[in-house]
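Report on the structure given below.
Residue numbers (our numbering): 3 to 169.
Shown next as structure tokens:
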């Protein structure tokens with residue numbers, strides 16, 4: 003009963019049931035089994051009967067793909083509504099998110115390691131979302147390329163004496 007309910011529930015993304023996606027048709031209920039049209043399959047015209055079924059299945063597959071693309075575009079639009087795109091210029095100092103690995107022999111736990119160490123220097127813009135990063139002490143040695151999701155803006159610390167930024 004539960005499996006039948008899951009297989010006949012319409013998916014919001016594909017706009018079809020799991021049974022249609024799997025078998026190309028809706029599941030039969032007990033009433034359909036008693037009034038079965040298997041005689042069509044058993045006679046000699048089975049090949050002629052399968053061609054419209056395959057055409058309908060191909061049309062259904064294309065329709066499902068279009069519906070999925072529309073849903074994905076809608077989700078991207080909602081995601082991008084509150085997203086701030088960040089742009090970095092060559093010469094900017096940025097924090098780079100590190101992914102340290104725990105080492106039991108050194109008695110170091112990833113949980114207590116810093117996520118960001120020192121500010122790094124943006125060297126070049128490889129693509130709209132990827133930047134080459136170098137150490138501030140050695141600006142000519144590129145450490146690697148990083149995605150904007152791994153970069154955070156570096157702001158100069160505020161001095162406690164007069165409220166101005168330290169240089």
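Quick reminder that beta carbons are idealized off the backbone N, C-alpha and C, glycines included.
Query, Result
"Contact check, residue 62 vs residue 93, beta carbons under 8 Å", "no"
"With 16 other Cβ atoms within 10 Å as the buried cut-off, status of residue 74", "exposed"
"Residue nearest to residue 22 in terms of C-alpha spacing, selected from 120, 89, 66 and 81", "66"
"Identity of the residue in 10, 100 and 16 nearest residue 30 by Cα", "10"
"Segment limits, beta strand (DSSP E) that includes residue 95", "95 to 98"
"Cβ neighbour criterion (16 or more within 10 Å) applied to residue 83", "exposed"
"Cα-Cα separation between residue 95 and residue 148, rounded to whole angstroms", "13 Å"
"Helix, strand or coil at residue 122 according to DSSP, with G and I counted as helix", "strand"
"Presumed contact (8 Å Cβ cut-off) between residue 17 and residue 69, rounded CB distance", "5 Å"
"Reduced DSSP secondary structure (H/G/I, E/B, other) of residue 80", "helix"
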